[in-house]
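Residue numbers (the working numbering), protein chains in the order written: chain A, 17 to 439; chain B, 17 to 439; chain C, 17 to 439; chain D, 17 to 439.
Beta carbons: idealized from backbone N, C-alpha and C, even for Gly.
On a predicted model such as this, the values are computed, not experimentally measured, just so you know.
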């Protein structure tokens, strides 16, 4: 990180720019236990810097507000008790404006602190600082996911901002054959796999044995998903995991989340408002259960996370070319070069066949920071890639995102894989 | 109603004055399914005039906003489907300011309409107009009850407004003996029982046979309630109805709602903030189960609604003398005249021993207005009197308020009664 | 009670005769939290005598089995903790046979005790003894209600015993006009209102003021109920109390409990098996909400419990003429004498418009027996009359049965009433 | 399988011998949604043969009882609808005796069929037959697990049968170092890994890459678990996965299931009754969350399923030497030979660190049999080994058992592992 002050300012300002189109009312609501209010996100990422940097290093530190210590702790048991997550939406004060004051105060203190530190001290806190940047970037995506869900509850179909992608045609789906063998998995600083920073769950770099496989060169599209629906995909138990089928029946799923039929036409709630389905775009807002059922219906399967990572390292997809990220919408696949895996970074997160578990040799770090990732390694599935809501530069091929298999408010899609043939 | 325009303006302005101290965030939140957001209350009472007056009488009527027809219908099945009540708190738009625009628009149209109507037409709509005023007054009290509950969820103990009543001593409790016999119950226009207007559930006026009884001349105080608590009132099943005892255990009740012990001192969340219990004030925010248990512990019982009404007609309590209504807090009983029933109107609603059922000869009115009261005559208990949050002039001795026996966010208290002796 | 030993033997033997057709498996199951296993009923009524008679009077008393003290206490907090009611169905031991041993042991000890007591001591315990008989009779009806529910869960449509009533035609519905005024309500020993014994909730005898009313001379029939269904009774909110309508939607009610449509024909699960609906029989297994909605649809109302009691005292219905009680099925109304209220006792319990509340002057008795009735006077509605499952001689015109308004596994039906005209 | 008739008779008789000590009442109850009544198990395994063998091959087949087709289908959507699993305990008929009749009937028809088949036809159905045997063996263990849970609900502490293991001392825990590399995983017929039969989820045999590791040579004992408890293991969040900690708080876990403290002494409900904890025996009835937390507290981790399988293939444990299987209780580790992994088969199932997912190249078989395993590969964790309740010969080193991470009524324990050092 060349310039921590610039990096800090950039990440902090981007958060505020995402909240800018939202009214105080928009920023207050929690639409389900999984989501958080916008103003809570803005405050929590601020609390993170206050707790893990200022409290340690600021001389004569005292918290901006004692109660914030409790209100804006998400899940760090080591730091102290936390306000109950499902009740974040009943807290009206501090309001959106006062959260802005809190942010300004911590920004000033952080900038002053960084400015004042000598080289040695700065080097020591750089990892925590960098973790704070990436943490805030994660919440930038969550903020958008969550407000999308909040606005979807409103029968008036309000939009967040922006305008939809133009219609287009999806390219034909191609397959990339991969040989496998003993392959490198996980993050190695300085390697081609990504930048210096990574989360602890991408470590340690290690080897896995892969048998030959094939992987699709683009994502499954809305148009293909409509075929699945038309073929009775949501009505036939045979494609579904048992838990998935139970969810279909209990939740009444018959399309991706945010789709609904209006006068016989399928439309989709997006951050730009409600629009007819664009068949060329990657399907989005499906659970792992739906991804798995689709793959079974298509006679394929999901890739394991190691298969995905190895394929993308060999053949794929930086996120540098997401020109229209500000539209917050996945792109239709546009290129069709041989052996290139398209849409791997920056369209939709891709469900894999892998449960979210520690890599061989992984150890949970000591202290509160150790609660960041390790304690969630149970009951969740890994997603790879990144989405149109992921901040630029945040993700990489070794990045491990994770959600429970029934989660649908994630920007999640599916890429098919299949068994290959030994050479 | 001498001047419907003045009356309309007054009730509408009072609602806005109650919302004035609240931020957009405060006005958005629903803290439990029973409560509604402030901006919802402001919009719903407006919808009431738009639906039941303007839609009928305005030439070329069209709704201010089609979706509001659905969003702000509380429970009128005859008018159409309703947005799900427990989800009122996930609607961020229209925001508090846009609700203000809605109110302004309907106010103007209503004033224009009333102004333009000839005497005959005005006479015809006066009952609906008057119902709208009293409806809005009911929501004025609900608005305050609900925001009190919202703010109580916040660990930062925020206040709504105002300052608490001064401490004082409660007067000794006296008893008023009442002979009973065949007594008049229910509302008769022009009688001493109250003003011309009443709700349909106060009709028809009829007779009931009462055996001799006694009724307390003031409400049970916080100090007396503390004695009940100290004597193990919340720990001994013997005082409780079976459903009440189940609630004590399931909900962990050990004091009235909003009371908590801080460093050994009992304090109370109020609209003015959190303060030590004032032992001279009437106890408030208790369920019917608690009122009944207290009465059993005290060796007494609750009055029936007929006993209450008859006693207050004979010996009690206009609400003209509530000087400090704006403090939103019940008064300590201050007078001690013989045979006067004090604190009957305008302190706390008083739980009675009567289930909320139709009076003999009651018929549900036709049409949507018929849904106002009749369909709720099941599973609820009657409260009589009025509270410090009740708008001036809204209540009267025949007024029947009603809530489920477990409700505690109501401004509800208790007055004791006992069997008397035949002369 | 002329001969307590004979009375004791008779009630005890009748319980065993009701359980005789049931296998150990049948006797073990609890089909919902409201019901209890047959063997639990058999043991609990035995525990009642052991606890309230033997423990007091037997010299050197020790319980048959210490654990039974806990397992078979229904809700007597004063006696000690109780095994959780909804879990009665997971207790496999003692089995049905061992419960028989328990019954035999207590029977012998009871008979020995009664035999040995001198006149004075006997007189003193007679009220408790008699309460035990009537308590066991209540459980005889519950046993049948509950096993009916258990067997209804089985897709194989098993029968308990017996054969159905013959088809017949319902008599036309007539109306009986009643003048009202100050009438006697409640039980007075030695009066025409019934035998010497009554439950405490029928006391004290008192007066109520009734305005003129009319009451139907027979119950609503299955055939009439089908008209209500055909007319969309279960699809139109306008007939329903708000809580009732919520139940219709939440529970998916579209007919009485135990009715289902097989190949277009409505059939009914009964204790004799599953049979086509007999249109002449009284409708049964409806909730209070359904009874109220039916009455609204018919342009009538339910009688209050005082109206019912007064009408039956004047014009109605002993239960001496229930010739075919052993068929456990209500009779079609067969007589049509002027001013006779038919089917008042021994067909189906009749929902009234009255909440279950204490009579004026009622006081809960001291001690554990005080938990028998008083603590349940909340949230329930009164039913009057008696059903085909009620043991002969158990009920009377002053008898107050009570269940929550949503209960449907009760043998409950409806008789219409209406406002009358002052003479 | 040399003699299918003898094998069939043996497995069928063993089931009946397990049910023999149980009364009809015992056999009827379902104590939680996860468990099934004994008589349901006895009928369901019979239905399996009737559905998958007789219905295919018996000439003029008709089901023993049409309704059984529905009642005793567990989860085979392809066969038809199923009676709701959580309601299995409300079915009283067929009773235990009639289920015996059903078993006898199917046994006779099966024996007749097998006897009559020519060699070719027999060869064709052998895989289904063998699956039926192993299926029934799985239910033999479930039957015991489930009745253990049923009896645990009874405050009278009833026993199933047998007597407890003698007290003893646990051997010191040793470690076996394993080199890893590219190792064989999964079932290969004829290899040293086990007998010819396996379930589809053990296929295909494939290779995995393992880094060096160490594995404990015996299971964690009750005595060691008590140390964990004494050290505050259940009170400190730091050892727990987030979902695990949530379960600790929600379920109030503070010891393994079936342990309770009586007068300060920890006792355990077993199939022999309730006895003081034997510190030398392997700890049992712990969830995956508890196993994981224990390992974290001990500074170790759980083995992956591949690590376990590879270690046991190299160094461990047939189940031939379980001399006292009939006591249904795990053995204290008694041998201490170098490099032998003790208690690997036939004591308690061992939680691994692996989610239950398909092996590379696994495909779900076509037809109803395809529902046996594949559709459950979501949300569960793998257990390896076998328990004292597992029928002799049923399990093998490649056997993959699986349960949700919160399940505790399984005979489940824990063996520690650790990272090794590259040679």
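Among residues of its own chain, excluding the 5 on either side of residue i, which ones have a beta-carbon nearer than 7 Å to its beta-carbon?
{"i": "residue 367/D", "result": "304, 307, 318, 397, 399, 428, 430"}
{"i": "residue 74/A", "result": "125, 129"}
{"i": "residue 220/B", "result": "202, 375, 377, 378"}
Considering Cα atoms alone, identify which of the options is closest to residue i.
{"i": "residue 42/D", "options": "425/D, 192/D, 164/D, 82/D", "result": "164/D"}
{"i": "residue 109/C", "options": "288/C, 292/C, 87/C, 315/C", "result": "87/C"}
{"i": "residue 254/C", "options": "225/B, 25/B, 392/B", "result": "392/B"}
{"i": "residue 7/D", "options": "192/D, 111/D, 22/D, 55/D", "result": "Given that chain D is displayed from residue 17 to residue 439, the structure contains no residue 7/D and the question cannot be resolved."}
{"i": "residue 112/B", "options": "137/B, 58/B, 148/B, 257/B", "result": "58/B"}
{"i": "residue 233/D", "options": "372/D, 298/D, 197/D", "result": "298/D"}
{"i": "residue 434/D", "options": "348/D, 278/D, 224/D, 194/D", "result": "194/D"}
{"i": "residue 275/B", "options": "168/B, 411/B, 224/B", "result": "168/B"}
{"i": "residue 115/C", "options": "97/C, 84/C, 136/C", "result": "84/C"}
Can you name, in chain order, every residue of its own chain whose Cβ lies under 6 Å from the Cβ of residue i, other than the five neighbours on each side?
{"i": "residue 68/A", "result": "144"}
{"i": "residue 71/C", "result": "77"}
{"i": "residue 403/B", "result": "364, 365, 427"}
{"i": "residue 370/B", "result": "320, 321, 398"}
Under 8 Å Cβ to Cβ from residue i, same chain only, skipping five residues before and after it: list those, please.
{"i": "residue 263/B", "result": "269, 303, 305, 422"}
{"i": "residue 341/A", "result": "Per-residue confidence for residue 341/A stands at a pLDDT of 41, beneath the threshold of 50, marking its modelled position as unreliable; the derived number appears in the next sentence. For residue 341/A, where only same-chain residues beyond five positions count, the Cβ hits under 8 Å are 362, 404, 408."}
{"i": "residue 133/D", "result": "73, 141"}
How many whole angstroms separate the CB atoms of residue i and residue j, which I take to be in contact at a CB cut-off of 8 Å?
{"i": "residue 249/B", "j": "residue 310/B", "result": "7 Å"}
{"i": "residue 176/C", "j": "residue 37/C", "result": "6 Å"}
{"i": "residue 14/A", "j": "residue 186/A", "result": "The first residue shown for chain A is 17 and the last is 439, placing residue 14/A beyond what the model contains."}
{"i": "residue 157/C", "j": "residue 406/C", "result": "5 Å"}
{"i": "residue 20/C", "j": "residue 189/C", "result": "No, residue 20/C and residue 189/C are not in contact; Cβ-Cβ is about 43 Å, not under 8 Å."}
{"i": "residue 28/C", "j": "residue 162/C", "result": "Not quite, the Cβ-Cβ distance comes to about 19 Å (not below 8 Å), so this is no contact."}
{"i": "residue 214/D", "j": "residue 414/D", "result": "6 Å"}
{"i": "residue 51/A", "j": "residue 180/A", "result": "Actually they do not touch by this definition, with Cβ atoms about 23 Å apart."}
Practice task
Give a yes or no on contact between the segment 102-121 of chain D and the segment 53-62 of chain D, applying the rule of three or more CB pairs nearer than 8 Å.
Solution key: Counting Cβ pairs under 8 Å, three or more are found: they touch.
Practice task
Check distances from the C-beta atoms of the segment 33-45 of chain B to those of chain A and list, in chain order, the residues that come in under 8 Å.
Solution key: Taking 8 Å as the Cβ-Cβ cut-off against chain A, the residues of the segment 33-45 of chain B that qualify are 39, 40, 41, 42, 43, 44, 45.
Exercise for the section: Report yes or no: do three or more beta-carbon pairs, one from the segment 89-108 of chain C and one from the segment 122-133 of chain C, lie closer than 8 Å? Expected result: Short answer: they don't touch.
Practice task
Count the CB pairs spanning the segment 321-331 of chain C and the segment 191-206 of chain C that are closer than 8 Å, and state whether there are at least three.
Solution key: Yes, the segment 321-331 of chain C touches the segment 191-206 of chain C.
Practice task
Scan the segment 85-111 of chain B for residues whose Cβ lies nearer than 9 Å to a Cβ of chain A and list them as they occur along the chain.
Solution key: Contact annotation: in the segment 85-111 of chain B, residues whose CB is within less than 9 Å of a CB in chain A are 86, 87, 99, 103, 105, 106, 107, 108, 109, 110, 111.
Practice task
Flag this pair as touching only if the segment 102-110 of chain C and the segment 44-61 of chain C have three or more C-beta atom pairs under 8 Å; answer yes or no.
Solution key: The answer is yes - the segment 44-61 of chain C touches the segment 102-110 of chain C, with three or more Cβ pairs under 8 Å.
Exercise for the section: Pull out every residue of the segment 227-246 of chain C whose Cβ sits closer than 7 Å to any Cβ of chain B, in chain order. Expected result: If the cut-off is 7 Å between Cβ atoms, the segment 227-246 of chain C has 227 near chain B.
Problem - the segment 265-276 of chain B in contact with the segment 244-256 of chain B per 3-pair CB rule at 8 Å - result: Yes: the two stretches touch, three or more of their Cβ pairs being nearer than 8 Å.
Exercise for the section: Evaluate contact between the segment 375-384 of chain C and the segment 282-298 of chain C, counting only Cβ atoms and requiring at least three cross-stretch pairs below 8 Å. Expected result: These segments do not touch.
Problem - At least 3 beta-carbon pairs within less than 8 Å: the segment 416-426 of chain C vs the segment 278-286 of chain B - result: In short, these stretches do not touch, since the Cβ pair count stays below three.
Exercise for the section: Select from the segment 388-419 of chain C all residues with a C-beta closer than 8 Å to any C-beta belonging to chain B, and list them in chain order. Expected result: Correct list: 391, 392, 393, 394, 395.
Exercise for the section: Report the residues of the segment 376-388 of chain D with a CB closer than 7 Å to any CB of chain A, ordered along the chain. Expected result: Close to chain A, meaning a Cβ-Cβ distance shorter than 7 Å, are the following residues of the segment 376-388 of chain D: 376, 377.
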